[in-house]
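Residues are numbered in the working numbering as their position in the sequence shown, beginning at 1, plus a constant of 29.
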Amino acid sequence: MKMQNKVQGRLGYNAENKRYGLLVSDLWENSGFHCGECMEVLVGNRWVEARMEMDWNNGGEWYLAGTPYHGDLEYVQARI
C-alpha cells in the first residue's frame, strides 16, 4: 500500500473569506475549508479524522466534527 504525503500545519482564520484554512509557515496551504471537508487534527497526542462544519444554531460558529474543537479553531494542528 502506497503512503500518501500529507501537509501538516495549523488552522488559522482567513478574514478575507471568513473561513478557517491551513497555514504552513504562515503561508496558506488551503485558504479556506468548506463545510464537509475532511482533515486530521491533533487531539492530545493522537491524530483524529475530522470534518469542518458550521453550527448555525450557535451563531454560525465553525467546529470540527468528531473532535472537542468548537468556536475558536486558531492554532489547532491539522494535516490534509
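Note that CB positions come from ideal geometry on N, CA and C, so glycine has one too. Computed from a predicted structure; not experimentally measured.
Should residue i go down as buried or exposed, given a rule of 16 or more other Cβ atoms within 10 Å for buried?
| i | result |
| --- | --- |
| A79 | buried |
| M30 | Reliability fails at M30, whose pLDDT of 49 lies under 50, so the model's placement of it is uncertain and the value that follows must be treated cautiously. The residue is exposed, with fewer than 16 neighbouring Cβ atoms inside 10 Å. |
| N86 | exposed |
| N74 | exposed |
| V70 | buried |
| G38 | buried |
| Y104 | exposed |
| L56 | exposed |
If I measure Cβ to Cβ from residue i and keep anything under 6 Å in the same chain, skipping five residues before and after, which residues do I get?
| i | result |
| --- | --- |
| K35 | R108 |
| G100 | E90 |
| Q106 | R39, L71 |
The beta strand (DSSP E) with residue i in it runs from where to where?
| i | result |
| --- | --- |
| A79 | 75 to 84 |
| G38 | 37 to 43 |
| N59 | 56 to 59 |
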